[in-house]
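Novice: What follows is a structure written as structure tokens; I'll ask about it next.
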Amino acid sequence: MIRAIACDIDGTLTDERRRLSPDALRLIREIEELGMPVVLATGNILCVTEAAKTFIGTSGPVIAENGGVIKAPGEPGPRYFCDVKSGEISRAYEHLSSLLDV
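Under my numbering, the first residue of the sequence shown is numbered 946, with each subsequent residue one higher.
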């Protein structure tokens, strides 16, 4: 069973000039209305990612700074994964899994 959908922003939801696709925006909002959280992922900095989340209207966590930062709704602050060492990716996955009940 699918419990969330993750989507890259740059070049997926936006074009080469960083303009958001109206069709993508409409589809994401339809997915959210069905109760499916959408997780936005990007290489951009956290504040830009959170602004995109607000504008687009997603309810899932955001993954920013090339996977180095995860911010989930309701958490007091972001989690940083700066030095990707053995086990860090697994811990990031476990964290997201616990938030999304995967």
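Ideal Cβ positions, reconstructed from N, Cα and C, are used throughout, including at glycine.
Counting only the same chain and skipping the five closest in sequence on each side, list residues whose C-beta sits under 7 Å from that of Thr957.
Specialist: Here the set comprises nothing.
Novice: Beta carbon of Thr999: closer than 6 Å to some heavy atom of the ligand HEM?
Specialist: The ligand HEM is not part of the structure shown, which contains no ligands of any sort.
Novice: For Thr999, which of helix, strand or coil comes out of DSSP?
Specialist: Note: Thr999 maps to helix in three-state DSSP.
Novice: What do you get for Leu979, buried or exposed, if any count of 16 or more other CB atoms within 10 angstroms of its CB means buried?
Specialist: Answer is exposed; the Cβ neighbour count stays below 16.
Novice: Near Ala1037, what residues of its chain come up, given a Cβ to Cβ distance below 8 Å and the 5 sequence neighbours on each side ignored?
Specialist: Closer than 8 Å at Cβ, skipping near neighbours: Gly1012, Ile1015, Arg1024, Phe1026.
Novice: Do Glu975 and Val983 count as a contact pair if the criterion is CB distance below 7 Å?
Specialist: No. Outside cutoff.
Novice: What is the DSSP secondary structure of Ile1015, counted as helix, strand or coil?
Specialist: Of the three classes helix, strand and coil, the one that applies to Ile1015 here is strand, per DSSP.
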